[in-house]
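Those sequence lines, one after another, are chains A and B. Going by the numbering used here, the first sequence opens with residue 9, and the numbers climb by one from there. Going by the numbering used here, the second sequence opens with residue 352, and the numbers climb by one from there. Positions of the beta carbon are idealized from the N, C-alpha and C atoms, including for glycine.
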Amino acid sequence: MEYRELVLYGVYTDLRTEVARRFLGFAWWILEPVMYMAVFYAVFGLGLRQGGPDYVPFLLTGMVAWKWFDGSVRQASTSILANTSLIQQIFVPKYVFGLIQILTNTFKFLLVLVLLLAFLLVTGRRPSLEWFGLVPVLLVQFLLIISLGLLLGAVIPFMHDLKLLVDNALMLMMFMSGIFFDASSLSEGANAIFRLNPMVPLIEAHRAVLLHNEWPHWGGLGYVVLVSLPMLAVAVLLLRRFERQYPKLIY
Amino acid sequence: MQVRTSKARTHKTRARKKAVIVEVQNVGVCYRQRTGVLRYQKFWGLEDVSFEIRAGETLGIIGANGAGKSTLLRLLARVTEPDRGRILWRKNMSSSLLALNVGFRPELSGRNNAIISGLLLGLKLKEITRLLDQIRDFSELGDFFDQPAGTYSTGMRARLGFAVAIHADRDLMLIDEVLGVGDESFRLKSQQAMREKIRGDKTVVLVSHSMEAIRELCDRVIWIDKGRSVGSGNADQVIEAYSGAVREAVKQLILEARRNNAAKGGAALK
Numbered sequence: 009m010e011y012r013e014l015v016l017y018g019v020y021t022d023l024r025t026e027v028a029r030r031f032l033g034f035a036w037w038i039l040e041p042v043m044y045m046a047v048f049y050a051v052f053g054l055g056l057r058q059g060g061p062d063y064v065p066f067l068l069t070g071m072v073a074w075k076w077f078d079g080s081v082r083q084a085s086t087s088i089l090a091n092t093s094l095i096q097q098i099f100v101p102k103y104v105f106g107l108i109q110i111l112t113n114t115f116k117f118l119l120v121l122v123l124l125l126a127f128l129l130v131t132g133r134r135p136s137l138e139w140f141g142l143v144p145v146l147l148v149q150f151l152l153i154i155s156l157g158l159l160l161g162a163v164i165p166f167m168h169d170l171k172l173l174v175d176n177a178l179m180l181m182m183f184m185s186g187i188f189f190d191a192s193s194l195s196e197g198a199n200a201i202f203r204l205n206p207m208v209p210l211i212e213a214h215r216a217v218l219l220h221n222e223w224p225h226w227g228g229l230g231y232v233v234l235v236s237l238p239m240l241a242v243a244v245l246l247l248r249r250f251e252r253q254y255p256k257l258i259y
Numbered sequence: 352m353q354v355r356t357s358k359a360r361t362h363k364t365r366a367r368k369k370a371v372i373v374e375v376q377n378v379g380v381c382y383r384q385r386t387g388v389l390r391y392q393k394f395w396g397l398e399d400v401s402f403e404i405r406a407g408e409t410l411g412i413i414g415a416n417g418a419g420k421s422t423l424l425r426l427l428a429r430v431t432e433p434d435r436g437r438i439l440w441r442k443n444m445s446s447s448l449l450a451l452n453v454g455f456r457p458e459l460s461g462r463n464n465a466i467i468s469g470l471l472l473g474l475k476l477k478e479i480t481r482l483l484d485q486i487r488d489f490s491e492l493g494d495f496f497d498q499p500a501g502t503y504s505t506g507m508r509a510r511l512g513f514a515v516a517i518h519a520d521r522d523l524m525l526i527d528e529v530l531g532v533g534d535e536s537f538r539l540k541s542q543q544a545m546r547e548k549i550r551g552d553k554t555v556v557l558v559s560h561s562m563e564a565i566r567e568l569c570d571r572v573i574w575i576d577k578g579r580s581v582g583s584g585n586a587d588q589v590i591e592a593y594s595g596a597v598r599e600a601v602k603q604l605i606l607e608a609r610r611n612n613a614a615k616g617g618a619a620l621k
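Given below as structure tokens:
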């Protein structure tokens, strides 16, 4: 890939910039997600009294996976707009900007994931061979993130209004991803619609591996791949077709 | 109006012999303008521009504000593509705008910023690291080179940007009014560097409102008016025709203002 160096250096400088900008530096990569999750624990765990004794690991596993998806897609979707002045002066393939955002978020996610694994070990979970099932789960989720992130990033410069829609759609998707409740508690009809959301099988897969020491449900992962590939194809087509139109669309 | 005379042909015979590397043929660029909810209007920023660029020459572009000069530079930088007409390029040609401080990060050091700019301009990481010492020397930043660029003065920032841009060697260099960078001594130095590029076998397209700069640096000049190329040829002649047109337009404006004032005065008297 011709622009590999640019993408990697972009990720490196993004992370460096974040550290340099904040008083506590990279501590925020850990503090911020912990605070975010504490809020939801307070609301759902303490306030609404959801779940049983296992609710904390249940919630954490779901939130960590969700936050990776949410942060990456959100930032990738506005990545072309955020670089307006740059793309009007220099030709850079537009996927570069989305990819930088996604990889930056992925790096931060991996840190939090290590923390989550440590938490699970400390609270008495034992790793087994099935934990290797996490690798395909992460790869499939990465595919979904890239597909949706690049697609939204390619479309939003044409319709800035969509940005507002995306914010709320992601919020709806979060509450409909089974992060806060177990899907099996839904009625059959509701469950069918609920399962269209590709984050549902992904979060279930994370939990199957880490909390129940089971292999992920392969059919579920297959469904996510099937949803992602067409989105990725459309994103690549759009970005190619309009590569040199974007600088004229935004000003 | 075509300002092509026999003098233009004899003036720069050196440039005439060189091969054409870019050919711009009846090019137009259309922008989309929002005019209301769900409504857009087309707007042609460039209507019909034709000219060619030959290897090694320095081509000046002049014209009033809004004539389409920047739009034209974007086309030549291959940031955008024409909506009508076409541009023929010599094979494997690189071109870029001499853009100062693109992708600039105030939190990072001058060194890191130089690397970002270099990568954006299409250099490989290896090439940039090899050039870093030269860039540091040229920018005269000294120890500041490893300090956060946010602490730089405007002039220092411009110097860094210019140093990177001038070291990123492209086949075709596009310059948009950046000859006045930094303080007096650095300005002389940057002009010197520009001139070396221009005198060497670099192909340069220069957009400027300074007729002295154009006259001094350019072999040929293109005059753009309201999105159309209305004149091309030897620098002195095109500049003269352009200045004449500007003087005429200003005269008209003054006359009109006088007439308006007179009309207003008359109305007030009644």
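- [ ] Would you mind stating whether residue 17 of chain A and residue 423 of chain B have Cβ atoms separated by less than 9 Å?
- [x] Within the first sequence, the letter at position 9 stands for residue 17 of chain A. Within the second sequence, the letter at position 72 stands for residue 423 of chain B. No, the Cβ-Cβ distance between residue 17 of chain A and residue 423 of chain B is not below 9 Å.
Open item on the list: Are there any heavy atoms of the ligand ADP lying less than 8 Å away from the beta-carbon of residue 86 of chain A, as far as the coordinates show?
Closed with: Of ligands this structure carries none, so the ligand ADP is not represented either.
- [ ] Report the residue from A:219, A:222 and A:189 whose alpha carbon sits nearest the alpha carbon of residue 208 of chain A.
- [x] Here residue 208 of chain A refers to the residue found at position 200 when the first sequence is read from its first residue. Closest by alpha carbon: A:189.
TODO: Enumerate in chain order the residues of its own chain whose CB-to-CB distance from residue 379 of chain B is below 8 Å, with the five nearest sequence positions on each side excluded.
DONE: To locate residue 379 of chain B, count along the second sequence from 1; it is residue 28. Only 395, 397, 398, 399, 400, 433, 434, 435, 436 and 578 meet the Cβ criterion.
Task: Range covered by the alpha helix (DSSP H) that runs through residue 95 of chain A - done: What you label residue 95 of chain A is simply residue 87 of the first sequence in a count that begins at 1. Its alpha helix (DSSP H) spans residues 92-95.
Task: Closest Cα partner of residue 506 of chain B within the set B:402, B:446, B:458 and B:541 - done: To locate residue 506 of chain B, count along the second sequence from 1; it is residue 155. Nearest C-alpha to residue 506 of chain B: B:541.
Open item on the list: Tell me the residue span of the alpha helix (DSSP H) that contains residue 103 of chain A.
Closed with: The sequence position of residue 103 of chain A within the first sequence is 95, counting from 1. 103-130 is the span of the alpha helix (DSSP H), which, as asked, contains residue 103 of chain A.
Open item on the list: Does residue 238 of chain A pass the burial test, meaning 16 or more other C-beta atoms within 10 Å, or should it be called exposed?
Closed with: Counting from one through the first sequence, the residue named residue 238 of chain A turns up at place 230. So residue 238 of chain A ends up on the exposed side.
Task: Option nearest residue 166 of chain A by Cα separation, candidates A:89, A:231 and A:77 - done: Position 158 of the first sequence, counted from the start, is the residue given in the question as residue 166 of chain A. If we check each option's Cα against that of residue 166 of chain A, A:89 comes out closest.
Task: CB contact flag (residue 456 of chain B, residue 467 of chain B, <9 Å) - done: For this step, residue 456 of chain B is matched to residue 105 along the second sequence. For this step, residue 467 of chain B is matched to residue 116 along the second sequence. Closer than 9 Å, so yes.
Open item on the list: 9 Å is my cut-off, CB to CB: does residue 109 of chain A come that close to chain B?
Closed with: Start at 1 with the first residue of the first sequence, and residue 109 of chain A comes out as number 101. Taking Cβ atoms only, chain B never reaches closer than 9 Å to residue 109 of chain A, which makes this a no.
Task: residue 543 of chain B burial status per 10 Å Cβ neighbour count (16 or more: buried) - done: Here residue 543 of chain B refers to the residue found at position 192 of the second sequence. Result: exposed.
- [ ] Name, going along the chain, the residues of the region 27-42 of chain A whose beta-carbon falls closer than 8 Å to a beta-carbon of chain B.
- [x] 28 and 29
- [ ] Please compile the residues from chain B whose C-beta is within a distance smaller than 7 Å of the C-beta of residue 83 of chain A.
- [x] Taking the first sequence and counting its residues from 1, one reaches residue 83 of chain A at position 75. Within chain B, no residue comes near residue 83 of chain A; the closest Cβ sits about 16 Å away, beyond 7 Å.
Task: For residue 255 of chain A, the nearest candidate out of B:414, B:402 and B:425 (CA to CA) - done: Residue mapping note: residue 255 of chain A aligns to position 247 of the first sequence, counting from 1. When only C-alpha atoms are compared, the closest one is B:425.
Task: residue 234 of chain A versus residue 246 of chain A: straight-line alpha-carbon distance, rounded - done: Here residue 234 of chain A corresponds to residue number 226 of the first sequence, with the count starting at 1. Here residue 246 of chain A corresponds to residue number 238 of the first sequence, with the count starting at 1. Using only the alpha carbons, I get a separation of about 19 Å.
Task: Neighbouring residues, chain B, relative to residue 100 of chain A (Cβ below 7 Å) - done: Within the first sequence, numbered from 1, the residue matching residue 100 of chain A stands at position 92. Going along chain B in sequence order, the residues near residue 100 of chain A (Cβ under 7 Å) are 471.
- [ ] Work out the CA separation of residue 215 of chain A and residue 221 of chain A for me, nearest whole Å.
- [x] In the first sequence, the residue the question calls residue 221 of chain A occupies position 213. In the first sequence, the residue the question calls residue 215 of chain A occupies position 207. C-alpha separation (whole angstroms): 9 Å.
Open item on the list: Closer than 9 Å between beta carbons: that is the criterion. Which residues of the region 576-594 of chain B meet it against chain A?
Closed with: none
TODO: Under the assumption that residue 445 of chain B contacts residue 522 of chain B (Cβ atoms under 8 Å), give the Cβ distance between them as a whole number of angstroms.
DONE: Numbered from 1 along the second sequence, position 94 holds the residue referred to as residue 445 of chain B. Numbered from 1 along the second sequence, position 171 holds the residue referred to as residue 522 of chain B. At roughly 5 Å, the Cβ-Cβ gap stays under 8 Å, so residue 445 of chain B and residue 522 of chain B are in contact.
Open item on the list: Restricting to runs no shorter than 3 residues, where is the beta strand (DSSP E) found entirely within the region 443-479 of chain B?
Closed with: 446-448
TODO: Flag this pair as yes or no: are the beta carbons of residue 41 of chain A and residue 120 of chain A separated by less than 9 Å?
DONE: As a first step, residue 41 of chain A is located in the first sequence; it is residue number 33 there, counting from the start. As a first step, residue 120 of chain A is located in the first sequence; it is residue number 112 there, counting from the start. In contact: residue 41 of chain A and residue 120 of chain A (Cβ atoms closer than 9 Å).
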